[in-house]
Amino acid sequence: MRVAVLSAEAVPYSKTGGLGDVAGALPKALRQVGIDAFLITPLYLQTKGADVGHPAIDDLDIEWRGGVYRAKVFYSEANGSPTFLIAAPEYFHRSAIYGFWEDYERFAFFNQASLALIKRVGAPPDIIHLNDWHCGFAAVKIAHLRFWDSYWRNPRTVFSIHNLAYQGIFDAEELWKLGFGSEFERNAFMFNGAASALKAGLAVSDMLSAVSRTYAKEIQQPENGYDLDWLLRQRSNKFFGITNGIDYDVWNPATDSQLPAHFNASDIHGKRMCKRALLDKFFLPIDLERPIFASITRLTAQKGFELIQQVAAELLATGAYFIALGSGDKSYEDFLQKLRDYAPRQVGIFKGYNEDLAHLIEAGADMFLMPSKFEPCGLNQMYSLRYGTVPIVRAVGGLEDTVQNFDVVRGKGNGYKFRELSSDKFLEKIYEALFAYYEPETWRKIQWNGMTEDNSWENAARNYVALYQMTKS
Ligand code: ADP
Ligand code: GLC
501 MRVAVLSAEA VPYSKTGGLG DVAGALPKAL RQVGIDAFLI TPLYLQTKGA
551 DVGHPAIDDL DIEWRGGVYR AKVFYSEANG SPTFLIAAPE YFHRSAIYGF
601 WEDYERFAFF NQASLALIKR VGAPPDIIHL NDWHCGFAAV KIAHLRFWDS
651 YWRNPRTVFS IHNLAYQGIF DAEELWKLGF GSEFERNAFM FNGAASALKA
701 GLAVSDMLSA VSRTYAKEIQ QPENGYDLDW LLRQRSNKFF GITNGIDYDV
751 WNPATDSQLP AHFNASDIHG KRMCKRALLD KFFLPIDLER PIFASITRLT
801 AQKGFELIQQ VAAELLATGA YFIALGSGDK SYEDFLQKLR DYAPRQVGIF
851 KGYNEDLAHL IEAGADMFLM PSKFEPCGLN QMYSLRYGTV PIVRAVGGLE
901 DTVQNFDVVR GKGNGYKFRE LSSDKFLEKI YEALFAYYEP ETWRKIQWNG
951 MTEDNSWENA ARNYVALYQM TKS
């Protein structure tokens, strides 16, 4: 089976969040279970530093806006699977990966270029696997071309929802410029009087998935469905939840090249050295007995940062450290700054994006805070589990599916989990975790349970294969 995976970001070429991790790892995981998968992603200014391989095509002609756009394509295998990187400086050499007024046009172009590339490099794939709103355009194009161009008759589309909150909404007047002139295409995009690339992908793809089972259920409810729940319910026989895996080649404390010492479930000594290095990095006093609470996140409303704000004073009153790595909304960044100024000997912050530091924090911290308002899957709680850093999470989306509240009597569970979006409930779990932390045997048990959990990609890849096969039936 031949599968083309399209994604706006993919590790190691680009990343702003979990989508990058997933798109980087999935094609490799698919190949490991016998699927002939390849990846297509843009070549950004931000891709510099990654191994982009060699120029493979220097004259990819793309029908675009009434003319022909000639793009270059690079080929690399740096993520363990064949990858084509579309070079179109006009669209992708920008100061950031997202955030421009014509993002819809940039990604419509990426989709159009991807289809031209797929046709250029060989036989039609069986599956075109599309990710998030950035790839909704290709779903519509393929559904349309299927009736006109024999090349596109057989490929089936699978559309994965990583985050329903991002929808790629734009003025429907622009549709014809992007090459969507037919009534069918227009109808696919139309959503509350505007065009939505996400809605288009959900409406016309052959099969849909979301990145965890609980999130797949949540977004079929009006309160979490962003006005798209009706469509998801309508298509529920084609819609499945598949929980992401994590890439143990990149996130493994036994081999992680960012760490000063290594460790694993049965020998955790190296974690103390990582803790020391982490405190040192933030110029905090070295007291290895005191727990470190950590947070690594995009600072957006999704992540429930208000709850962290509300419990911060109580948390610091226990004597614990708090270390945060994040960037995003200014108000949250300012809060972190104030917190550090308030307790400089307990708080360490890094405002910005830093991959290496993310690894050291996962390894050196004791607890990981993730009180998300909603969380399609979440990867950091799974990285934390692997690194013996006990997650304290809210029971939503993928957090509900991957974290089980620790039960002292039965010795079962890998973290702490609360349901209600309330700082009191969050704090209760923080205290419960602290209590366990000071009982070494109990703590060791929770860590063991998390570290031995299998969240590898293999399972997820097999589930995707089953989903791909269903498109044919
Ligand atoms: P989301 O995709 O919603 O941001 P995930 O938990 O799925 O949430 O994935 C977030 C990914 O981005 C993780 O790999 C995390 O380590 C990384 N990340 C988030 N913020 C930062 C940051 N400031 N610096 C480094 N890595 C970050
Ligand atoms: C999105 C979600 C996150 C998920 C990631 C990868 O960014 O916010 O929860 O883990 O996609 O699927």
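Quick note on numbering: our numbering labels position 88 of the sequence shown as 588, and the sequence is numbered without any gaps.
Where a beta carbon is used, it is the ideal one built from N, C-alpha and C, also for glycine.
1) Among the residues of its own chain, which have a CB less than 8 Å from the CB of Val-811, if the five just before and after it don't count?
2) For a test of your reading of the model: does the CB of Val-750 fall under 6 Å from any non-hydrogen atom of ligand 2? Yes or no.
3) Rounded to the nearest angstrom, what separates Thr-952 and Cys-877 at their Cα positions?
4) Is it buried or exposed for Gly-524, if we count other Cβ within 10 angstroms and need 16 for buried?
5) Whose C-alpha, out of Val-965, Tyr-916, Thr-971, Tyr-832, is nearest the C-alpha of Ala-537?
6) How many whole angstroms separate the CB atoms of Gly-950 and Gly-915, which I take to be in contact at a CB cut-off of 8 Å?
7) Straight-line CA distance for Gln-734 to Ile-742?
8) Can you tell me the Cα-Cα spacing of Val-522 and Leu-879, whole angstroms?
9) Any C-beta of chain D sitting closer than 7 Å to the C-beta of Phe-574?
10) Beta-carbon separation of Val-533 and Ala-960 under 7 Å?
11) Rounded to the nearest angstrom, how far is the Cβ of Val-893 from that of Leu-885, given a contact under 8 Å?
12) Tell me whether Thr-714 is buried or exposed, calling it buried when 16 or more other Cβ atoms sit within 10 Å of its Cβ.
13) What is the residue span of the beta strand (DSSP E) that Phe-607 lies within?
14) Assuming Glu-563 is part of the beta strand (DSSP E), what are its boundary residues?
15) Check whether the stretch 645-656 touches the stretch 577-587, taking contact to mean three or more Cβ pairs, one atom from each stretch, closer than 8 Å.
16) Can you tell me whether DSSP reads His-593 as helix, strand or coil?
17) Beta carbon of Ser-827, beta carbon of Lys-851: below 7 Å?
18) Do you know whose CA, among Phe-610, Ala-817, Ala-556, lies nearest Glu-563's CA?
19) What are the uninterrupted segments assigned as beta strand (DSSP E) that are 3 or more residues long and contained completely in the stretch 875-958, given in chain order?
20) Look up Asp-536 in the DSSP assignment and say whether it is helix, strand or coil.
21) Starting from Arg-798, follow its DSSP beta bridges and name the residues at the other end.
22) Bridge partners for Ile-746 per DSSP, in chain order?
23) Across the stretch 817-824 and the stretch 837-853, are there enough close Cβ pairs to call them in contact, namely three or more that are closer than 8 Å?
24) Terminal residues of the continuous alpha helix (DSSP H) containing Phe-689?
25) Within the same chain, show all residues whose beta-carbon is closer than 8 Å to that of Thr-547, passing over the 5 residues directly before and after it, in chain order.
26) Excluding the five sequence neighbours on either side, which residues of its own chain have a C-beta within less than 7 Å of the C-beta of Gln-802, listed in chain order?
27) What does the shell around ligand 2 hold, if a residue joins when its beta-carbon is under 7 Å from any heavy atom?
28) Buried or exposed, going by whether 16 or more other CB atoms sit within 10 Å of the CB of Gln-720?
29) Taking one C-beta from the stretch 856-864 and one from the stretch 756-774 each time, how about it: are there three or more such pairs within less than 8 Å?
30) What do you get for Asn-687, buried or exposed, if any count of 16 or more other CB atoms within 10 angstroms of its CB means buried?
31) Figure out for me which residue from Tyr-853, Pro-940, Leu-560, Ala-813 has the closest Cα to the Cα of Ala-843.
32) Less than 7 Å between the beta carbons of Phe-918 and Pro-891, yes or no?
33) Report the start-end ranges of each beta strand (DSSP E) in the stretch 693-757 that is 3 residues or longer and not cut off at the edges.
34) Going by DSSP, what residues sit across from Lys-572 in a beta bridge?
35) Return yes when at least one heavy atom of ligand 1 lies under 6 Å from the C-beta of Ile-796, else no.
36) Measure the alpha-carbon distance for Ala-895 versus Ser-712 and round it to whole angstroms.
With the structure as the only source:
1) Ser-923, Phe-926, Leu-927, Ile-930
2) For Val-750, the shortest C-beta to heavy atom distance toward ligand 2 is 6 Å or greater.
3) 20 Å
4) buried
5) Of the candidates Val-965, Tyr-916, Thr-971, Tyr-832, the one whose C-alpha sits nearest the C-alpha of Ala-537 is Val-965.
6) About 7 Å separates the CB atoms of Gly-950 and Gly-915; that is less than 8 Å, so the two are in contact.
7) 19 Å
8) 9 Å
9) This model lacks chain D altogether; it includes just one protein chain.
10) no
11) Val-893 to Leu-885, Cβ: 11 Å. No contact.
12) Residue environment analysis places Thr-714 among the buried positions, since at least 16 neighbouring C-beta atoms fall within 10 angstroms of its C-beta.
13) Premise fails: Phe-607 lies in the alpha helix (DSSP H), 603-621, not in any beta strand (DSSP E).
14) Per DSSP, Glu-563 belongs to the beta strand (DSSP E) from 554-564.
15) no
16) coil
17) yes
18) The shortest CA-to-CA distance from Glu-563 to any of Phe-610, Ala-817, Ala-556 is the one to Phe-610.
19) 890-894, 916-918
20) strand
21) According to DSSP, residue pairing for Arg-798 in a beta bridge involves Ser-827.
22) DSSP output for Ile-746 lists Ser-956 as bridge partner(s).
23) The stretch 817-824, when compared against the stretch 837-853, does touch it at the 8 Å Cβ threshold.
24) 683-689
25) Residues Tyr-513, Ser-514, Leu-585 of the same chain have their beta carbon placed closer than 8 Å to that of Thr-547, with the five preceding and five following residues left out of the count.
26) Ala-665, Ser-872, Lys-873, Phe-874
27) Gly-517, Gly-518, Leu-519, Asp-521, Val-522, His-662, Asn-663, Val-711, Asn-744, Gln-802, Glu-875, Pro-876, Cys-877, Gly-878, Leu-879, Gly-897, Gly-898
28) buried
29) yes
30) exposed
31) The residue with the shortest Cα to Cα distance from Ala-843 is Ala-813.
32) no
33) 694-696, 707-710, 739-741
34) Ala-587
35) yes
36) 13 Å
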